[in-house]
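Heads up, the thing below is written out as structure tokens.
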Amino acid sequence: ATQTTATVDKAQVKAFKEQVEKHLRTTIGTSPVKASKLAWWQAVVATVNEDIFGRLTDTQQTHAKNDTRAVHYLSAEFLMGRLTINNLTNLEKFDVAREALKEFGLDINEICEEEPDMALGNGGLGRLAACFMDSLATCNYPCVGYGIHYENGLFRQEIRAGKQVERPDSWREYGCPWEACRPESVQNIPLGGYVEKQTAPDGSQCSVWHPSSMIKGVPWDIPVVGYRGSSVAILRLWESRSTEQFNWDVFNAGGYVDAQAEKSLAETISKVLYPNDSTEAGKELRLTQQYFFCACSLRDILRRYKRSHHNDFSEFAAKIAIQLNDTHPTIAIPELMRLLIDEEGLSYDQAWDITSKTFNYTNHTLLPEALEKWPVYIFEKLLPRHLELIYEINFRFLNGPVEAKWPGNNEIKSRLSIIEEGEVRKVRMANLCVITSEHVNGVAKIHSKLVKENLFPDYAQLWPNKFCNVTNGVTPRRWILSCNRGLAELYNDVAGKDWPLDLDKCEVLKKYADKKEYQDRFMKIKHDNKVALAKTIKELTGVEVDPNAMFDVQVKRLHEYKRQHLNLLYIMSLYKSLLEDPDQDIVPQVFIFGAKAAPAYTLAKDIIFAINAVGEKINNDLRIKGKLKVVFLPNYRVSLAEKIIPAADISEQISTAGYEASGTSNMKFSMNGALTLGTMDGANIEIVEQAGIENNFIFGLSVDEVLELKPRYNPWDYYNADHDLKAVVDWLDSDFFTPGQPGALSSIKTSLLNNGDPFLVLADFASYKEAHQRAQKLFKDKAKWARAAMINSATMGIFSSDRSIRDYAENIWTLRSQIVKK
Ligand code: 26W
Numbered sequence: 030a031t032q033t034t035a036t037v038d039k040a041q042v043k044a045f046k047e048q049v050e051k052h053l054r055t056t057i058g059t060s061p062v063k064a065s066k067l068a069w070w071q072a073v074v075a076t077v078n079e080d081i082f083g084r085l086t087d088t089q090q091t092h093a094k095n096d097t098r099a100v101h102y103l104s105a106e107f108l109m110g111r112l113t114i115n116n117l118t119n120l121e122k123f124d125v126a127r128e129a130l131k132e133f134g135l136d137i138n139e140i141c142e143e144e145p146d147m148a149l150g151n152g153g154l155g156r157l158a159a160c161f162m163d164s165l166a167t168c169n170y171p172c173v174g175y176g177i178h179y180e181n182g183l184f185r186q187e188i189r190a191g192k193q194v195e196r197p198d199s200w201r202e203y204g205c206p207w208e209a210c211r212p213e214s215v216q217n218i219p220l221g222g223y224v225e226k227q228t229a230p231d232g233s234q235c236s237v238w239h240p241s242s243m244i245k246g247v248p249w250d251i252p253v254v255g256y257r258g259s260s261v262a263i264l265r266l267w268e269s270r271s272t273e274q275f276n277w278d279v280f281n282a283g284g285y286v287d288a289q290a291e292k293s294l295a296e297t298i299s300k301v302l303y304p305n306d307s308t309e310a311g312k313e314l315r316l317t318q319q320y321f322f323c324a325c326s327l328r329d330i331l332r333r334y335k336r337s338h339h340n341d342f343s344e345f346a347a348k349i350a351i352q353l354n355d356t357h358p359t360i361a362i363p364e365l366m367r368l369l370i371d372e373e374g375l376s377y378d379q380a381w382d383i384t385s386k387t388f389n390y391t392n393h394t395l396l397p398e399a400l401e402k403w404p405v406y407i408f409e410k411l412l413p414r415h416l417e418l419i420y421e422i423n424f425r426f427l428n429g430p431v432e433a434k435w436p437g438n439n440e441i442k443s444r445l446s447i448i449e450e451g452e453v454r455k456v457r458m459a460n461l462c463v464i465t466s467e468h469v470n471g472v473a474k475i476h477s478k479l480v481k482e483n484l485f486p487d488y489a490q491l492w493p494n495k496f497c498n499v500t501n502g503v504t505p506r507r508w509i510l511s512c513n514r515g516l517a518e519l520y521n522d523v524a525g526k527d528w529p530l531d532l533d534k535c536e537v538l539k540k541y542a543d544k545k546e547y548q549d550r551f552m553k554i555k556h557d558n559k560v561a562l563a564k565t566i567k568e569l570t571g572v573e574v575d576p577n578a579m580f581d582v583q584v585k586r587l588h589e590y591k592r593q594h595l596n597l598l599y600i601m602s603l604y605k606s607l608l609e610d611p612d613q614d615i616v617p618q619v620f621i622f623g624a625k626a627a628p629a630y631t632l633a634k635d636i637i638f639a640i641n642a643v644g645e646k647i648n649n650d651l652r653i654k655g656k657l658k659v660v661f662l663p664n665y666r667v668s669l670a671e672k673i674i675p676a677a678d679i680s681e682q683i684s685t686a687g688y689e690a691s692g693t694s695n696m697k698f699s700m701n702g703a704l705t706l707g708t709m710d711g712a713n714i715e716i717v718e719q720a721g722i723e724n725n726f727i728f729g730l731s732v733d734e735v736l737e738l739k740p741r742y743n744p745w746d747y748y749n750a751d752h753d754l755k756a757v758v759d760w761l762d763s764d765f766f767t768p769g770q771p772g773a774l775s776s777i778k779t780s781l782l783n784n785g786d787p788f789l790v791l792a793d794f795a796s797y798k799e800a801h802q803r804a805q806k807l808f809k810d811k812a813k814w815a816r817a818a819m820i821n822s823a824t825m826g827i828f829s830s831d832r833s834i835r836d837y838a839e840n841i842w843t844l845r846s847q848i849v850k851k
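Counted from 1, the sequence shown has number 603 at position 574 by the UniProt record's numbering; the numbering is strictly sequential.
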């Protein structure tokens with residue numbers, strides 16, 4: 030966040046100053062002379078909270094009074110990042126706060142650096158949930174976000190000798206001043222034990238669950254402030270604690286001490302976020318986490334519903350919509366069935382009628398290894414009653430709709446079954462979601478098509494209208510207004526001040542895209558952002574980079590399908606050609622990476638090591654005269670993204686076509702005036718539909734071409750046919766980049782040649798190189814580049830998450846926005 034030139038109301042500054050000083054003394058217990066930066070930050074938050082909590086109460090009272098339908102967004106991840114600048118911005122108090130702190134001799138950006146990121150998510154899916162909360166609040170939709178109050182968020186990444194080292198991230202070690210504990214809404218959640226079959230007097234069978242333990246769920250509320258304070262939504266995160274009767278068996282046997290020791294087990298549940306963003310390890314604790322937060326959330330929803338409807342459940346589906354953010358909260362389905370049948374006394378049919386009208390499911394990935402399947406034996410141990418209900422749902426589905434459509438077809442039945450037969454029988458969570466949900470959506474047009482046609486083709490025949498698309502979006506409040514104040518001011522000038530609420534307004538900038546004055550202003554903003562990033566790069570890595578060079582950025586989780594190694598191979602080939610001809614006239618370039626690897630994903634970690642090793646060599650090679658730099662920024666996270674994205678010239682979006690469901694950083698980069706160098710995958714397709722393919726650098730195989738090539742693909746053909754490619758792949762086997770350690774980078778070569786190059790890196794290499802040449806050529810023409818960058822930024826209106834949320838509200842939730850009364 031940089032300076033704005035807008036004049037600020039003196040009286041407001043004075044009032045803010047007084048509030049901060051008051052909180053510094055009376056809330057934090059210090060004084061302006063001895064306060065640390067952390068204390069100042071805490072006092073600023075306390076000041077902002079005075080505004081927020083009143084609006085929160087207004088919002089909740091309005092919705093309660095009108096008994097409005099609401100959406101409940103269930104997500105195992107919410108990657109909120111920092112909240113201070115965002116909340117100040119949304120309350121339109123940023124400039125006031127900046128001036129007030131300046132009068133204390135403080136720099137607001139420095140003070141706000143004290144805030145730890147709330148990194149309760151892995152990547153795209155978690156950040157999407159956070160953008161959606163911002164849009165739900167801004168668009169005044171009645172909603173609650175439900176998730177887990179992890180004690181440790183995604184690990185902090187350190188780079189030691191080029192390698193990733195994971196460190197715990199205790200984001201609330203010194204308390205989080207935004208959250209409020211709500212002891213009045215604590216829940217008790219049963220777990221384990223066995224199911225007893227009982228025969229009722231009328232001869233019917235019923236099941237009674239005797240759980241073996243009970244866990245306490247403590248809710249922490251984080252207010253989410255809508256833009257211009259329209260409404261304040263709630264993010265409710267559940268923390269697990271032990272109950273006194275945590276383990277009845279042990280307790281009853283007189284095991285007082287043993288039972289105390291077992292306390293830690295209950296408290297383990299919300300301890301740590303699983304750092305995998307693709308492979309599912311099938312860990313018992315992970316299923317327990319999922320069940321724990323879903324069970325707490327459903328009880329919370331039921332409690333609120335019953336406040337106005339008592340035991341009449343006929344209105345339930347009319348009042349409650351639940352969105353499942355991927356399959357992680359699927360267990361909410363049998364849990365709602367169980368609550369309605371076992372606790373509320375409804376019949377199976379009544380419960381199913383309600384449940385199947387309440388849930389919707391968003392799919393975020395086609396990667397087979399990411400589709401959650403839980404071994405039946407884990408269910409038997411932890412959730413025996415839920416397993417019984419899953420069997421019942423499955424039995425009725427297979428013998429009802431499936432038998433009717435495909436009589437006697439056992440092959441189709443085994444494909445559609447919730448249960449996967451095999452040595453270890455498994456529960457397929459995605460199948461349970463599709464069978465139960467009213468709507469199933471993908472997250473970009475191409476992805477939704479693949480979900481329907483390739484992932485669930487049989488279900489699509491059964492229920493063609495169940496499947497739909499909602500293309501992802503990102504909040505322009507955080508991703509332009511808060512993080513790129515220079516660009517925000519430009520938009521204020523050309524589009525008026527309402528563009529953060531209606532991003533389509535930014536399209537007027539297109540009219541100025543040929544005007545030198547505006548091109549210069551646009552590129553000056555970019556340059557200033559690059560100067561600021563260069564400073565950050567120097568601080569974090571010690572590497573000096575020239576802000577006049579082209580900043581080429583790839584920041585995202587490290588995964589083979591995202592192909593950071595394709596980028597690396599290209600850098601090596603560029604370096605090779607510079608060594609061969611150091612005087613060639615190329616645009617100076619800085620390649621910037623940020624990426625965390627799942628701790629057990631060895632090849633991903635090897636790629637991080639390779640980027641650092643190649644970077645080390647290149648950055649210190651005087652022969653190439655600084656024309657090329659490679660930096661790996663450690664610990665990529667939301668707050669770092671806010672510094673990197675506004676400074677990018679090129680946005681690398683180079684996944685194998687068909688593998689990146691949508692991508693969301695691609696949207697943030699374009700909004701901030703970067704040109705996309707990418708494949709026709711995910712939302713890239715829709716981005717170039719808006720901005721023009723001629724204003725970006727598209728390369729590589731298309732989805733159809735990938736599907737066609739894959740079965741007969743042989744990476745050796747490409748390796749043997751392309752001299753340059755062969756040379757750089759072989760370079761990985763030498764000790765050129767890792768002196769004294771030959772073979773330290775060989776695993777990448779092995780995966781590309783001996784393991785069949787599953788993501789077609791070699792097949793796309795030549796095309797990728799050619800796209801880079803186009804980018805270089807355009808970068809030399811400053812006016813043309815500026816024009817393309819401006820058109821990209823100006824045409825991203827549809828990628829506001831407000832549009833996504835309105836799509837959900839209209840097509841999936843049938844939810845109306847509500848005006849909040851003071
Ligand atoms: C191990 C369990 C697991 C599996 C998958 C954890 C997390 C996942 C996520 C689906 C990974 C993820 O974040 N997917 C991304 O979701 C974004 C938001 O829709 C999309 O933009 C990305 O393309 C997709 O990879």
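Virtual Cβ for every residue (Gly too), placed ideally from N, Cα, C.
Between the region 356-370 and the region 380-389, do three or more beta carbon pairs fall short of 8 Å?
Here the region 356-370 lies against the region 380-389, with 3 or more beta-carbon pairs under 8 Å apart.
**Request:** Compute the distance between the beta-carbons of residue 403 and residue 458, then report whether it is under 8 Å.
**Result:** Here the question's residue 403 lines up with position 374 in the sequence shown. Here the question's residue 458 lines up with position 429 in the sequence shown. Going by C-beta atoms, residue 403 is nearer than 8 Å to residue 458.
Anticipated Cβ contact below 8 Å, residue 855 with residue 269, distance rounded
Since the first residue of the chain shown is 30 and the last is 851, residue 855 is not available in this structure.
When DSSP labels each residue in this structure, what does residue 619 get in the three-state scheme? For the purposes of this step, residue 619 is identified with residue 590 of the sequence shown, where counting begins at 1. Three-state result, residue 619: strand.
The region 502-518 touching the region 700-712, judged by at least three CB pairs closer than 8 Å
Using a Cβ-Cβ distance cut-off of 8 Å, the region 502-518 and the region 700-712 are in contact, since at least three pairs of beta carbons, one from each stretch, lie closer than that value.
Note to self: If I follow the unbroken beta strand (DSSP E) through residue 147, where does it start and stop?
What the structure shows: Reading the sequence shown from its first residue, position 118 is the one you call residue 147. Start and end: 147-149.
Runs of 4 residues minimum, wholly inside the region 779-842: which ones carry the alpha helix (DSSP H) assignment? You should have 790-809, 811-823, 830-836.
_6 Å CB neighbourhood of residue 466 in its chain, flanking five on each side removed_ = Stepping through the sequence shown from its first residue, residue 466 is reached at position 437. Excluding residues within five positions, the ones whose Cβ falls inside 6 Å are 388, 389, 390.
Counting along the chain, where does the beta strand (DSSP E) carrying residue 226 start and finish? For the purposes of this step, residue 226 is taken as residue 197 along the sequence shown, with counting starting at 1. Residue 226 -> beta strand (DSSP E) spans 223-228.
Exercise for review: Determine the contact status of residue 833 and residue 501, defining contact as a CB-CB distance below 8 Å.
Suggested key: The sequence position of residue 833 within the sequence shown is 804, counting from 1. The sequence position of residue 501 within the sequence shown is 472, counting from 1. Yes. Within cutoff.
> Grouping DSSP H, G and I as helix and E and B as strand, with all else coil, what is residue 324?
Replying inline: Translated into the one-based positions of the sequence shown, residue 324 becomes position 295. Of the three classes helix, strand and coil, the one that applies to residue 324 here is helix, per DSSP.
**Asked** Taking 7 Å as the line, does the beta carbon of residue 307 fall inside it for any heavy atom of ligand 1?
**Response** As a working mapping, residue 307 is identified with position 278 in the sequence shown. Yes - ligand 1 has a heavy atom lying nearer than 7 Å to the Cβ of residue 307.
Can you tell me whether residue 620 is buried or exposed, with buried defined as 16 or more other CB within 10 angstroms of its CB? As a working mapping, residue 620 is identified with position 591 in the sequence shown. With 16 or more other Cβ atoms within 10 Å, it is buried.
Note to self: Measuring only from the beta carbon, is residue 468 closer than 7 Å to any heavy atom that is part of ligand 1?
What the structure shows: Here the question's residue 468 lines up with position 439 in the sequence shown. It does not: the Cβ of residue 468 is nowhere closer than 7 Å to a heavy atom of ligand 1.
>> For a test of your reading of the model: does the CB of residue 691 fall under 7 Å from any non-hydrogen atom of ligand 1? Yes or no.
In response: Residue mapping note: residue 691 aligns to position 662 of the sequence shown, counting from 1. Yes.
| Is any beta-carbon of chain D found at less than 8 Å from that of residue 326? | Annotation note: the requested chain D is absent from the structure, which comprises a single protein chain.
**Item:** Residue of 123, 85, 536 minimising C-alpha distance to residue 251
**Value:** In the sequence shown, counting from the first residue as 1, residue 251 sits at position 222. Ranking 123, 85, 536 by Cα distance to residue 251 puts 85 first.
Practice problem: Measure the C-alpha to C-alpha separation of residue 771 and residue 764 and round it to an integer number of angstroms. | Solution: Translated into the one-based positions of the sequence shown, residue 771 becomes position 742. Translated into the one-based positions of the sequence shown, residue 764 becomes position 735. Rounded to the nearest whole angstrom, the CA to CA distance from residue 771 to residue 764 is 4 Å.
So, are the CB atoms of residue 558 and residue 681 less than 8 Å apart? Counting from 1 along the sequence shown, the entry for residue 558 is found at position 529. Counting from 1 along the sequence shown, the entry for residue 681 is found at position 652. Taking 8 Å as the Cβ cut-off, residue 558 and residue 681 do not qualify as a contacting pair.
Using 8 Å as the threshold, is the C-beta distance between residue 419 and residue 431 below it? By 1-based counting over the sequence shown, the position of residue 419 is 390. By 1-based counting over the sequence shown, the position of residue 431 is 402. No, the Cβ-Cβ distance between residue 419 and residue 431 is not below 8 Å.
Residue 169 and residue 848: beta carbons closer than 8 Å?
Here the question's residue 169 lines up with position 140 in the sequence shown. Here the question's residue 848 lines up with position 819 in the sequence shown. Against a cut-off of 8 Å, the Cβ pair of residue 848 and residue 169 comes out as a contact.
message = Less than 7 Å separating the Cβ of residue 501 from some heavy atom of ligand 2?
response = In terms of ligand content, the structure shown lacks ligand 2 and carries ligand 1 instead.
Original post:
Can residue 151 be considered in contact with ligand 1, in the sense that its beta carbon sits closer than 7 Å to one or more heavy atoms?
Top reply: The count along the sequence shown starts at 1 and reaches residue 151 at position 122. Yes, Cβ of residue 151 sits closer than 7 Å to a heavy atom of ligand 1.
- Buried versus exposed, by CB contacts within 10 Å (16 or more), residue 784: Counting from one through the sequence shown, the residue named residue 784 turns up at place 755. Here residue 784 is exposed: its Cβ has fewer than 16 other Cβ atoms, across all protein chains shown, within 10 Å.
| Taking the C-alpha atoms as reference points, what is the distance between residue 172 and residue 829? | Position 143 of the sequence shown, counting from 1, holds the residue named residue 172. Position 800 of the sequence shown, counting from 1, holds the residue named residue 829. Spanning the two alpha carbons is a distance of roughly 19 Å.
inquiry  = Which same chain residues end up closer than 7 Å to residue 468 when comparing Cβ atoms and leaving out the 5 residues on each side of it in sequence?
reply    = Against the sequence shown, residue 468 aligns to sequence position 439. Once the five neighbours on either side are set aside, the close Cβ partners of residue 468 are 389, 495, 497, 841.
Can you check whether the CB of residue 119 is closer than 8 Å to the CB of residue 506?
-> Position 477 of the sequence shown, counting from 1, holds the residue named residue 506. Position 90 of the sequence shown, counting from 1, holds the residue named residue 119. Yes, the Cβ-Cβ distance between residue 506 and residue 119 is below 8 Å.
Cβ neighbour criterion (16 or more within 10 Å) applied to residue 512 | Working through the sequence shown from its first residue, we reach residue 512 at position 483. Buried, by the Cβ-count rule.
Tell me residue 458's beta-bridge partners as DSSP assigns them. Along the sequence shown, one-based indexing puts residue 458 at 429. Partner(s): none; residue 458 has no beta bridge.
To the nearest angstrom, report how far apart residue 750 and residue 735 are at their CA atoms. Within the sequence shown, numbered from 1, the residue matching residue 750 stands at position 721. Within the sequence shown, numbered from 1, the residue matching residue 735 stands at position 706. Their Cα atoms are separated by approximately 19 Å.
Close-in-space but distant-in-sequence residues of the same chain around residue 247 (CB under 6 Å, 5 per side omitted): Reading the sequence shown from its first residue, position 218 is the one you call residue 247. Once the five neighbours on either side are set aside, the close Cβ partners of residue 247 are 215, 268, 270.
For residue 175, which three-state DSSP category applies? Position 146 of the sequence shown, counted from the first residue, corresponds to residue 175. Assigned with DSSP and collapsed to three states, residue 175 falls in strand.
Quick check: what's the CA-CA separation for residue 114 versus residue 253? The count along the sequence shown starts at 1 and reaches residue 114 at position 85. The count along the sequence shown starts at 1 and reaches residue 253 at position 224. So the two alpha carbons sit approximately 13 Å from each other.
(Q) Taking DSSP's pairing of strands, which residues face residue 496 in a bridge? (A) Counting from 1 along the sequence shown, the entry for residue 496 is found at position 467. Looking at the DSSP assignment, residue 496 forms a beta bridge with 469.
Considering only the alpha carbon of each residue, which of 378, 555, 151 lies closest to residue 677? Residue numbering aside, residue 677 sits at position 648 when the sequence shown is read from its first letter. Of the candidates 378, 555, 151, the one whose C-alpha sits nearest the C-alpha of residue 677 is 555.
Whole-angstrom distance between residue 78 and residue 355, CA atom to CA atom: As a working note, residue 355 is residue 326 in the sequence shown. As a working note, residue 78 is residue 49 in the sequence shown. Roughly 32 Å separates the two Cα atoms.
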